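Report on one structure; see the data block that follows.
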Amino acid sequence: MEGNRSKTNAIQRRILGSLDARLMAVRQVTMENRRHNTSGVDKVKQISHDNKMKLASKLKLGKSEIRSLGIPIIEDRAKQMLAKLVLEPEWEAKFETNSYGFRPGRSCHDAIAAIFLALCGRTRYVLSADTQPCFGRIDHEKLLNKLNTFGLMKSQIDAWLKAGIMVGYADRTDEVTQSMECALQEGVISPLLANIALHGLEQHVKEWYAKEWCLLTGRDAFVTYRDRRRQVSVVRYADKFVVTAPERADAEAIQQIIHVWLEKETGLKLSEAKTSIVYTINGFEFLGFQIISLKQPDGKYKLRIHPSKTSKVRLIQRTHAIIHVNRSASSYVLIQLLSSRIIGWANYFRYSQCQKDFSKLDYTIFNQLRAWVFRRKSKGLRSRTKLQEKYFPLGKKFIFRGKFYCNNWTLTGQTKDKKGIIKENFLPKMSWVESIQYVKIKENASPYDGNHLYWAQRIEKYSGFSYRTCKLVRSQQGKCARCGIHFTPMDVIEVDYIIPRAKGGLDHYSNLQALHNHCHIQKSQIDRAYIINDDFDVGQIH
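One rule links them: number in the numbering used here = place in the sequence shown (from 1) + 893.
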């Protein structure tokens, strides 16, 4: 942030040579990445603990053999992660305010909140755009010049670019219910390089509009430079972005400016099929949400953000497919398959005006389930009344996220565990997920800024983790129960049983704790050893 290039590079070289950084890089790609079990071109999915240590000890950047990185081998992934650990803190200090895609601690909801602040109480013309889905065409020389890094890092990234690290890096946000914080396994460092390539777009548009366009058109000639910049907003999520402007002519001019900037700075082009200019009264879609300005009786406009029709249709098609494939499955199994999909979808869209949409979707999914139930003609349950009593019990109360609900048409299921104990579950209603307001991240906040209290509160409220995980994080004051280190947005958090279920541990909050993924693995290894030896001591493993 101080612009001290020599000091920055010195610190980066120190990180690059650090054993701690190499160990973290290997641990990240072999244990914590969501696709760490995906085999590379060498067909290797996992390596032993000893081999992990050997890999960490010899890990270093360099222009080694250049090979196709369709799915990199573990060593290549670890090298990319090491380079990311070196470069990401520098660029997180420099990235633009309204850049949100594939950055630690930032999500789709921050982008939607930024759009809400830009459009709240007013109507605007919106340029919704996307780059052509081919980052393999990115200009390598321009990207390397923008990186402006030291020689070893520059030569290594140049080698990766020539090997095709950016090929296929596109279309990651089509399925909005999937995790938005995960990049493709094809390239660990690809999302960071893509963000670096597109860095500067927001600043360029605002500068051009305030210094040239406003004065050229004669509008707002006597308004301050700061106010002219505020007339437009640019919100970017990865390679998708939204630009708001007062007039249609402004949006059309900005589209041309962006087209020129992309070709000059990155070698990319706008996708004609995915680029459009709309008036907010007509509405537009972004990241799965429908955003529209509605006129109120007093003549003012109110912005409404809710799940888009496309997103709702996709969910219904998915639930229909799951129910159709599992026609003969038990209700217990079907609930397990549907619950994560439905509640996960609701958790994503809960930060909007969603309750009416949730109620309508509940009714549609209920009709799918009712048809599934009434097709089942098991022995002794041939009448619809008896089928209803079995699968939709009357007068039963359900506890969901600490609240009681009574609904006569809630699907329930039962099964027996290995000990013969009957276990029961139910399919929560989407309308039980409450709509809450999302607070956008601070403009220049970064997980590397050392503000542990702020990030602990963000993880607790807006991390996207399950309700149970967030509750445990809050009770532990944002720290791992095993190592005592604060959780960060880059961490994978796991829920652990203090006393394992195999030793009679209860599935209750008093027996649960939130741990880092690697701490959870260590704890589970100790648990397993004590269980096998039948020598279990809670005090020794906690």
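For each residue, glycine too, the CB sits at the ideal point set by N, CA and C.
Quantities reported herein were computed from a predicted structural model and do not represent experimental measurements.
Note on the stretch 1136-1203: whole alpha helix (DSSP H) runs with a minimum of 4 residues are 1141-1158, in chain order. Rounded to whole angstroms, the gap between the alpha carbons of R1123 and S1368 is 41 Å. Taken through DSSP and simplified to helix, strand or coil, T1212 comes out as helix.
When only Cα atoms are considered, L1161 and A1052 end up about 20 Å apart. For the set I1352, T1117 and A986, the Cα lying nearest the Cα of E895 is the one of A986.
By the criterion of a C-beta distance shorter than 7 Å, R1211 is surrounded in its chain by R1234, once the five residues flanking it on both sides are discounted. Looking at the DSSP output, R1129 shares a beta bridge with S992 and F1134. For G1306, the uninterrupted beta strand (DSSP E) segment begins and ends at T1305 to K1309. Less than 8 Å divides the Cβ of R1243 from the Cβ of E1327. In this structure, L1020 sits near I1147, with a CB-CB distance shorter than 8 Å.
Per DSSP, reduced to three states, the secondary structure at V1366 is helical. Around the C-beta of G1192, fewer than 16 other C-beta atoms lie within 10 Å, and the residue is accordingly described as exposed. Here N944 carries a helix assignment [DSSP, helix/strand/coil]. Between E1353 and I1391, the alpha-carbon positions lie close to 21 Å from each other. Ranked by how close their Cα comes to the Cα of P1321, the residues K1289, N1219 and I1082 have K1289 in first place.
Distance from the Cα of Q1189 is smallest, within the candidate group G1398, V1226 and R1015, for R1015.
Along the length of the stretch 1243-1304, whole alpha helix (DSSP H) runs at least 4 residues long occupy 1248-1267 and 1277-1284, reported in chain order.
Per DSSP, the unbroken alpha helix (DSSP H) holding L1045 starts and ends at G1044 to K1055. In the three-state DSSP reduction, E1387 falls in the strand class (E or B). Segment contact: the stretch 1360-1376 against the stretch 1401-1419, three or more CB-CB distances shorter than 8 Å; contact assigned.
One alpha carbon belongs to M917, the other to S1083, and they sit about 19 Å apart.
According to DSSP, residue pairing for E1353 in a beta bridge does not occur. In the DSSP assignment, A1222 falls outside any beta strand (DSSP E) and carries neither an H nor an E.
With respect to the C-alpha of Q1281, the residue from F1291, S950, W1302 and V1098 having the closest C-alpha is W1302.
Shown here, D1342 sits in coil according to DSSP, grouped into three states, outside any helix or strand. Under DSSP, E1317 takes part in a beta bridge, and its partners are Q1307. Here W1238 is not near L1262, since their CB atoms are 8 Å or more apart. Contact between C1001 and L1180 holds, since their C-beta atoms are separated by about 5 Å, short of 8 Å. Within the same chain, Cβ atoms closer than 6 Å to the Cβ of A1006 are found at Y1331 and K1333, the five residues on either side in sequence being excluded.
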